[in-house]
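*Asks:* Below you'll find the structure I mean.
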Amino acid sequence: MRRSWAISAFVCAALMALAPYASGEAFAQKQGGTLRISHRDNPPSASIHEETTISVNQPFMAVFNNLVVFDPNEKRNSPDHIVPDLAESWAWNDDKTRLTFKLRQGVKWHDGKPFTSADVKCTFDAVMGKGDEELDIIRKSPRRIWYVNLKEVVTNGDNEVSFVLGRPQPSFLSMLAAGYSPVYSCHVPGRDMRSKPIGTGPFKVVEFKRNESIKLVRNPDYWKKGRPYLDAITWTIVPNRSTRLLGFTAGQFDMTFDSDVTFPLLKDVKSQKPDAVCEARPTNVNSNVLINRDKPPFDNPQIRRAMVLALDNKAFRDILSEGHDLDGAVMLPPPAGVWGMPADQLPTLLGHSPDVEKNRAEARKIMEGLGYGPNKPLKIKVSTRNIAIYVDPAVILIDQLKKIYIEGELEQIDTTVWYTKIQRKDYQVGMNLTGVGVDDPDVNFYENFYSTSDRNY
Numbered sequence: 019m020r021r022s023w024a025i026s027a028f029v030c031a032a033l034m035a036l037a038p039y040a041s042g043e044a045f046a047q048k049q050g051g052t053l054r055i056s057h058r059d060n061p062p063s064a065s066i067h068e069e070t071t072i073s074v075n076q077p078f079m080a081v082f083n084n085l086v087v088f089d090p091n092e093k094r095n096s097p098d099h100i101v102p103d104l105a106e107s108w109a110w111n112d113d114k115t116r117l118t119f120k121l122r123q124g125v126k127w128h129d130g131k132p133f134t135s136a137d138v139k140c141t142f143d144a145v146m147g148k149g150d151e152e153l154d155i156i157r158k159s160p161r162r163i164w165y166v167n168l169k170e171v172v173t174n175g176d177n178e179v180s181f182v183l184g185r186p187q188p189s190f191l192s193m194l195a196a197g198y199s200p201v202y203s204c205h206v207p208g209r210d211m212r213s214k215p216i217g218t219g220p221f222k223v224v225e226f227k228r229n230e231s232i233k234l235v236r237n238p239d240y241w242k243k244g245r246p247y248l249d250a251i252t253w254t255i256v257p258n259r260s261t262r263l264l265g266f267t268a269g270q271f272d273m274t275f276d277s278d279v280t281f282p283l284l285k286d287v288k289s290q291k292p293d294a295v296c297e298a299r300p301t302n303v304n305s306n307v308l309i310n311r312d313k314p315p316f317d318n319p320q321i322r323r324a325m326v327l328a329l330d331n332k333a334f335r336d337i338l339s340e341g342h343d344l345d346g347a348v349m350l351p352p353p354a355g356v357w358g359m360p361a362d363q364l365p366t367l368l369g370h371s372p373d374v375e376k377n378r379a380e381a382r383k384i385m386e387g388l389g390y391g392p393n394k395p396l397k398i399k400v401s402t403r404n405i406a407i408y409v410d411p412a413v414i415l416i417d418q419l420k421k422i423y424i425e426g427e428l429e430q431i432d433t434t435v436w437y438t439k440i441q442r443k444d445y446q447v448g449m450n451l452t453g454v455g456v457d458d459p460d461v462n463f464y465e466n467f468y469s470t471s472d473r474n475y
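Heads up, the sequence shown is in the working numbering, so the first residue is 19 and it goes up one at a time.
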């Protein structure tokens with residue numbers, strides 16, 4: 019069972035891109051140099067298609083290209099602002115069940131081999147679980163459920179590929195534009211894609227040292243002439259947030275990880291580094307409480323109801339983001355998104371009611387009826403990743419559950435095993451962050467709430 023709240027703005031508060039540059043245009047004025055970025059934890063691998071965390075996406079997206087991408091010059095990802103990448107053009111057939119791409123010619127992989135339609139087919143065949151077992155480029159994708167409507171990928175020569183759908187699906191192009199949809203090569207084994215991947219993108223991987231750093235260098239043969247401007251990007255893995263931010267303010271890093279600085283921390287960062295450029299932006303990420311209904315006593319729906327009644331959504335927002343968080347239930351609300359629940363309907367949801375004490379009184383009655391009370395609390399473990407933006411809301415959750423006789427013990431789990439742990443239901447209660455990168459119900463609900471999805475924890 020998943021209970022979600024505070025879409026986007028919790029991470030909008032956390033997603034503060036801090037850099038000592040005056041503006042994005044400053045990058046374009048002088049070519050060369052190394053961008054130094056702090057990284058919050060150890061990526062489980064370098065394979066974007068196999069992992070579920072931006073700890074992989076952030077450093078390795080620059081290695082790859084998609085068929086299409088969201089226009090980076092637009093502040094909001096929208097199907098109206100999708101631009102070509104490896105594809106030059108695309109078109110739907112009359113009944114909108116076949117999407118055909120004309121591919122860019124002359125593109126090469128980092129090892130010099132040509133990019134063709136076969137690479138597109140083998141990538142998405144593998145995502146769907148139909149890949150070459152010997153090549154093993156994608157063992158299992160957590161986003162396979164995105165493509166439940168995709169029936170077949172068909173090539174027509176080296177420069178054309180079609181996606182055949184079971185029914186019309188307007189969101190399909192947006193899925194291909196997401197940061198989780200890079201094209202992989204057909205000739206590089208999966209073991210290499212997990213440690214030193216080959217892509218067509220602007221940067222090459224020269225080093226991936228676990229628990230230390232990730233180093234990328236400029237691809238001199240990149241098909242976008244004159245790009246990239248930078249010579250290199252170095253990500254240094256520093257698990258402690260305070261140490262990372264100290265490194266930034268001391269000039270060790272040019273940019274923080276893209277989810278490190280919360281609104282409560284912003285004043286300290288700005289006071290120590292006044293020239294820092296700090297940007298907050300809405301992101302399609304939500305915080306969610308995971309309740310393992312397969313394990314007693316959480317198999318009792320009354321326990322789960324009591325836990326939801328105990329939640330004070332506004333308190334989470336006030337503490338974590340000083341009230342800057344947006345709330346649209348499980349989708350981004352306007353103006354940042356288009357699918358979020360209207361503000362006047364939110365109070366009808368448990369956990370969003372302004373009368374928190376009334377809800378908690380009901381929750382205590384439920385717990386008392388089940389034999390719990392101030393002298394006999396229900397003792398549980400609340401598991402989460404050992405990353406500050408996960409731990410912070412988990413601590414608040416534990417405090418709120420105390421109000422209804424539930425005594426929580428915090429369990430911090432390393433990223434490399436976190437998703438495996440919750441997928442196999444090895445937890446009682448969890449605090450998770452879920453981001454999909456595409457403001458569309460098909461993506462969010464299929465990935466996180468569809469009954470057979472690997473991410474429906």
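We put the CB at the ideal spot given by N, CA and C, even for glycine.
Identify every run of the alpha helix (DSSP H) within the stretch 208-284, keeping only runs that are complete inside it and at least 4 residues long; order them along the chain.
*Replies:* Qualifying alpha helix (DSSP H) stretches, in chain order: 208-211, 259-267.
*Asks:* Please state whether the Cβ-Cβ distance between serine 180 and threonine 118 is less than 9 Å.
*Replies:* Mapped onto the sequence shown, residue 180 falls at position 162. Mapped onto the sequence shown, residue 118 falls at position 100. Yes, the Cβ-Cβ distance between serine 180 and threonine 118 is below 9 Å.
*Asks:* When burial is assigned at 16 or more other CB atoms within 10 Å of the CB, is glycine 184 buried or exposed?
*Replies:* Taking the first residue of the sequence shown as 1, we reach residue 184 at position 166. Label assigned to glycine 184: exposed.
*Asks:* Out of curiosity, what's the CA-to-CA distance linking aspartate 13 and methionine 325?
*Replies:* No answer is possible for residue 13: the residues shown for the chain start at 19 and end at 475.
*Asks:* For the 8 Å Cβ check, are there 3 or more pairs between the stretch 433-446 and the stretch 295-314?
*Replies:* Touching, yes.
*Asks:* Just mark asparagine 75 as buried or exposed, buried being the case when its beta carbon has 16 or more other beta carbons within 10 Å.
*Replies:* Locating residue 75 in the sequence shown gives position 57, where the first residue counts as 1. Under this definition asparagine 75 is a buried residue.
*Asks:* Let's test the definition: count the other Cβ atoms within 10 Å of the Cβ of proline 353 and tell me whether it reaches 16, buried, or not, exposed.
*Replies:* Here residue 353 refers to the residue found at position 335 when the sequence shown is read from its first residue. Classification of proline 353: exposed, given that the 10 Å Cβ count is below 16.
*Asks:* So what does methionine 449 bridge to, in DSSP terms?
*Replies:* The residue labelled residue 449 in the question sits at position 431 within the sequence shown. The partner list for methionine 449 (beta bridge, DSSP) reads Val307.
*Asks:* Just curious, the beta strand (DSSP E) that alanine 105 is in, first and last residue?
*Replies:* Here residue 105 refers to the residue found at position 87 when the sequence shown is read from its first residue. Here the beta strand (DSSP E) through alanine 105 covers 105-110.
*Asks:* Buried or exposed: aspartate 458, going by 16 or more other Cβ atoms within 10 Å of its Cβ?
*Replies:* Working through the sequence shown from its first residue, we reach residue 458 at position 440. Buried: at least 16 other Cβ atoms inside 10 Å.
*Asks:* Measuring alpha carbon to alpha carbon, tell me which residue in Arg262, Phe221, Phe266, Asp239 is nearest isoleucine 251.
*Replies:* Against the sequence shown, residue 251 aligns to sequence position 233. Closest by alpha carbon: Phe221.
*Asks:* Mind checking arginine 382: buried by the 16 CB within 10 Å criterion, or exposed?
*Replies:* Within the sequence shown, the letter at position 364 stands for residue 382. With 16 or more other Cβ atoms within 10 Å, it is buried.
*Asks:* Relative to the alpha-carbon of valine 223, which residue among Lys420, Val81, Thr402 has its alpha-carbon at the smallest distance?
*Replies:* As a working mapping, residue 223 is identified with position 205 in the sequence shown. Comparing Cα positions, the closest option is Val81.
*Asks:* Can you give the beta carbon distance from valine 303 to threonine 470, rounded, assuming they're within the 8 Å contact cut?
*Replies:* Walking along the sequence shown from the start, residue 303 turns up at place 285. Walking along the sequence shown from the start, residue 470 turns up at place 452. Actually they are not in contact, since the Cβ atoms of valine 303 and threonine 470 sit about 23 Å apart, beyond 8 Å.
*Asks:* Buried or exposed, going by whether 16 or more other CB atoms sit within 10 Å of the CB of serine 107?
*Replies:* Residue numbering aside, residue 107 sits at position 89 when the sequence shown is read from its first letter. Per the 10 Å Cβ criterion, exposed.
*Asks:* The alpha helix (DSSP H) with glycine 387 in it runs from where to where?
*Replies:* Numbered from 1 along the sequence shown, position 369 holds the residue referred to as residue 387. 374-387 is the extent of the alpha helix (DSSP H) around glycine 387.
*Asks:* For proline 186 and asparagine 111, what's the separation of their Cα atoms in angstroms?
*Replies:* Locating residue 186 in the sequence shown gives position 168, counting from the first residue. Locating residue 111 in the sequence shown gives position 93, counting from the first residue. The alpha-carbon atoms of proline 186 and asparagine 111 are separated by roughly 10 Å.
*Asks:* My output table needs one value for asparagine 393: the three-state DSSP class, helix, strand or coil.
*Replies:* Here the question's residue 393 lines up with position 375 in the sequence shown. Coil.
*Asks:* In angstroms, rounded to a whole number, what distance separates the CA positions of leucine 428 and arginine 212?
*Replies:* Within the sequence shown, numbered from 1, the residue matching residue 428 stands at position 410. Within the sequence shown, numbered from 1, the residue matching residue 212 stands at position 194. So the alpha carbons of these two residues sit roughly 31 Å apart.
*Asks:* How many angstroms separate the CA atom of asparagine 177 from the CA atom of lysine 139?
*Replies:* Taking the first residue of the sequence shown as 1, we reach residue 177 at position 159. Taking the first residue of the sequence shown as 1, we reach residue 139 at position 121. Spanning the two alpha carbons is a distance of roughly 12 Å.
*Asks:* Measure the alpha-carbon distance for aspartate 286 versus valine 256 and round it to whole angstroms.
*Replies:* Locating residue 286 in the sequence shown gives position 268, counting from the first residue. Locating residue 256 in the sequence shown gives position 238, counting from the first residue. So the alpha carbons of these two residues sit roughly 19 Å apart.
*Asks:* What are the residues that DSSP puts in a beta bridge with histidine 57?
*Replies:* Counting from one through the sequence shown, the residue named residue 57 turns up at place 39. DSSP, once it has assigned bridges, lists Ile255 as partnering histidine 57.
*Asks:* May I have the straight-line CA-CA distance separating proline 132 from proline 238, to the nearest angstrom?
*Replies:* In the sequence shown, counting from the first residue as 1, residue 132 sits at position 114. In the sequence shown, counting from the first residue as 1, residue 238 sits at position 220. Straight-line Cα distance between these residues: approximately 15 Å.
*Asks:* Taking a contact to mean a Cβ-Cβ separation below 9 Å, would you say phenylalanine 281 touches alanine 298 in this structure?
*Replies:* In the sequence shown, residue 281 corresponds to position 263, counting from 1. In the sequence shown, residue 298 corresponds to position 280, counting from 1. Yes; because the gap between Cβ atoms is below 9 Å, this pair is in contact.
*Asks:* Start and end of the beta strand (DSSP E) containing alanine 298?
*Replies:* Sequence index remark: in the sequence shown, residue 298 carries index 280 (1-based). Where alanine 298 is concerned, the enclosing beta strand (DSSP E) stretches over 295-298.
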